[in-house]
Amino acid sequence: MERLEKIQKIVDFIKAGEKDEKNFRLGFEIEHFVVNKDTLESKSFYGHDGVGEILEDLASLGYKKADETGMAFSDGSVDISIEPAGQFELALRAKASVGELFEVYKTHMERLVPIFERRGLLLVALGYHPKSKIDEIKIIPKTRYDFMYKYFEKYGGEFAHNMMKGTSSMQLAVDFKNEEDFKKKYFLASALSPFLYSVFDNSLIFEGEIYIDRNLRQTIWEYTDRDRTGLYDFAFDSDLSYKKYAEKILDTPMIFMPTPDGETYIGRKTLDELMTEENTDEMVNHALSIVFPDVRVKSYIEIRMPDNIPYPYNMAAAALIKGIFFDDQTLDKVYELFSDMTYDQAQKLKSNATRMGIFALYENVEIFQHVLDIIDIIRPVLEENENKYLDELESMLDFGIVPRDIFAKIYKENPKRAVYEFSVNRFVEAING
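For the sequence shown, the working numbering begins at 6 and goes up steadily by one.
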């Protein structure tokens with residue numbers, strides 16, 4: 006295949022995601038650490054009451070195996086998977102409202118938490134592991150993660166293995182209706198990167214010690230793999246297009262590739278080198294999935310900056326993203342606030358925010374104030390229950406704090422209580438009285 010034909014195949018894949026505005030949906034994925042209630046240490050995938058054993062219980066709850074590994078499950082409304090160090094991920098099928106997402110989230114967490122609870126385990130909503138160091142955590146028995154670990158050992162940055170073993174996040178996905186809409190949304194999501202990292206910073210502990218700077222996961226991603234993480238500079242180009250994103254994907258090392266028998270390690274070979282007429286669709290899907298920028302594109306735009314954060318702030322993040330990206334007029338208003346931002350300015354703001362958090366300045370205004378201004382803009386297009394979640398976010402920012410600060414205050418007095426308060430176990434207990 007010629008290079009232009011390969012680019013077009015990727016463009017076609019992205020373009021196939023275009024939707025009418027009336028069909029826009031919000032995607033929501035959230036990862037959790039599985040820790041021992043008493044020691045706060047990571048629960049291994051292996052051994053008695055390990056994450057692997059927990060997966061065996063899912064069938065009895067109505068979840069069906071989604072692949073041959075036995076580490077992915079689905080029931081039609083959510084997909085469950087396990088991240089490299091046993092982080093437990095719940096991906097909700099996209100919905101039109103945050104209220105619908107919440108109902109699905111609540112239903113499944115009420116179903117799932119008891120299988121952790123009876124083993125003395127917590128599902129924890131933090132951005133970095135609260136106790137265990139990555140050298141103490143084993144990678145789960147999944148070939149692709151072995152390949153990624155091997156690749157990052159040779160070609161990755163200083164914190165590549167910390168990314169795999171030590172972090173948990175939430176991701177929100179939005180639709181686009183055409184290439185112009187894609188261009189505006191991809192730019193704006195990228196411009197908002199330092200704001201979303203800062204406002205949803207929930208990482209106090211790094212490798213068992215208090216982390217003195219801010220936005221730990223942002224820093225970890227910056228030092229994971231320059232080929233595939235952080236902000237893509239072309240997001241800020243006036244000629245941003247499907248084609249530009251496709252060119253980046255075509256030239257990024259693929260680490261491994263799917264084969265009829267599983268997966269094969271290929272290191273730094275790119276999609277451009279490996280795509281053939283026979284393997285096009287599967288290879289394109291894999292190539293789009295094996296990059297991890299702040300804002301990723303498949304058949305939707307995935308916003309990947311927030312740490313895993315507990316209820317109600319996880320729903321507040323969903324409401325914020327819906328409010329910005331679902332309505333054309335509101336999108337334009339928020340876009341105008343940042344339309345002049347350059348890649349260099351975004352990178353500088355990200356750097357400053359690692360020291361100053363939500364008090365870092367963009368155009369002489371603090372990050373938290375920009376987000377409060379955005380909240381004012383988007384409120385009219387959101388439902389009452391969605392604005393309820395924004396009330397929680399607004400209240401937090403009015404106090405000049407983020408989830409990390411709330412956690413830190415409790416942690417200073419009682420680390421075990423802090424971790425429990427930031428667990429899904431606590432959420433389920435609270436909603437059930």
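Backbone N, C-alpha and C fix where the C-beta goes; we use that ideal spot for every residue, glycine too.
Can you give me the Cβ contacts of residue i inside the same chain, cut-off strictly under 6 Å, excluding the 5 residues immediately before and after it?
i: I379; result: V339
i: F432; result: Y316
i: F412; result: L209, A423, F427
i: V1; result: Residue 1 lies beyond the range of the chain shown here (6 to 438); nothing can be said about it.
i: E26; result: K182
i: G125; result: K42
i: F364; result: E371
i: D62; result: I120
i: G213; result: K138
Can you name, in chain order, every residue of its own chain whose Cβ lies under 7 Å from the Cβ of residue i, other than the five neighbours on each side?
i: N313; result: I35, E36, H37, A130, L131, G132, S173, S174, M175, N207
i: Q92; result: E36, H37, F38, S173
i: K274; result: P258, M259
i: R384; result: N392, L395
i: F211; result: Y133, L221
i: D470; result: What is shown of the chain runs 6 to 438, which leaves residue 470 out entirely.
i: P311; result: S174, M175, L201, F205, A322
i: K20; result: Y247
When the distance is taken between beta carbons, is residue j closer than 8 Å to residue i?
i: H113; j: L95; result: yes
i: S49; j: K138; result: no
i: A64; j: A71; result: no
i: P89; j: Y160; result: no
i: K188; j: L255; result: no
i: Y51; j: K155; result: no
i: V300; j: A240; result: yes
i: T335; j: V386; result: yes
i: I326; j: L31; result: yes
i: S102; j: E388; result: yes
i: T445; j: D230; result: Since the first residue of the chain shown is 6 and the last is 438, residue 445 is not available in this structure.
i: P233; j: F297; result: According to the sequence as given, residue 233 is Arg; it is not Pro. Yes, these two residues count as a Cβ contact at 8 Å.
i: K14; j: T281; result: no
i: H166; j: F157; result: yes
Kindly indicate the opening and closing residues of the alpha helix (DSSP H) around residue i.
i: D62; result: 56-63
i: N290; result: 285-294
i: Q92; result: Element bounds for Q92: n/a, residue is neither H nor E.
i: L395; result: 389-403
i: G272; result: Segment 267-275 is the beta strand (DSSP E) holding G272; no alpha helix (DSSP H) there.
i: F412; result: 408-418
i: L201; result: 198-204
i: F121; result: 103-122
i: E320; result: Note on residue identity: the sequence assigns Met, not Glu, to residue 320. That run of the alpha helix (DSSP H) goes 318-330.
i: M262; result: No alpha helix (DSSP H) holds M262; the beta strand (DSSP E) holding it covers 258-264.
Look at the alpha carbon of residue i and the alpha carbon of residue j, and state the distance between them as a whole number of angstroms.
i: R309; j: G171; result: 16 Å
i: R116; j: S86; result: 16 Å
i: F373; j: N419; result: 28 Å
i: T224; j: R409; result: 15 Å
i: R98; j: E283; result: 30 Å
i: L193; j: G104; result: 25 Å
i: G328; j: K111; result: 22 Å
i: E397; j: K136; result: 28 Å
i: G81; j: N369; result: 47 Å
i: K190; j: F18; result: 18 Å
i: Y416; j: R8; result: 54 Å
i: A196; j: D238; result: 11 Å
i: Y425; j: M320; result: 19 Å
i: A324; j: M6; result: 43 Å
i: E434; j: Y318; result: 17 Å
i: A251; j: A292; result: 10 Å
i: D277; j: D54; result: 44 Å
i: K28; j: S243; result: Just to set this straight, residue 28 is Asn in the shown sequence, not Lys. Cα to Cα, the separation comes out at about 28 Å.
i: K414; j: S344; result: 37 Å
i: R123; j: E58; result: 13 Å
Take residue i and list the residues in its own chain whose beta-carbon comes closer than 8 Å to its own, dropping the five residues that flank it on each side.
i: E141; result: E46, S47
i: K355; result: S198, P199, Y202, N220, Q223, E227, L236
i: V56; result: V39, K48, S49, F50, I87, G91, F93, I145
i: L279; result: M259, M262, I271, M288
i: V109; result: S82, V83, L97, R98, K100
i: N290; result: F18, K303
For residue i and residue j, which I take to be in contact (beta-carbon distance under 8 Å), what is that distance rounded to the nearest angstrom?
i: L177; j: A322; result: 7 Å
i: V204; j: L402; result: 7 Å
i: K248; j: I12; result: 6 Å
i: R268; j: T74; result: For the record, residue 268 in the displayed sequence is Glu; it is not Arg. Rounded, the Cβ-Cβ distance is 11 Å, inconsistent with contact.
i: V429; j: V118; result: 6 Å
i: L377; j: E399; result: 6 Å
I'd like to know if residue i contacts chain B, where contact means its C-beta is closer than 8 Å to some C-beta of that chain.
i: I308; result: The chain labelled as chain B is not found in the depicted structure, where only one protein chain is given.
Go to residue i, then tell me how far its beta strand (DSSP E) extends in each direction, as first and last residue.
i: S79; result: 77-79
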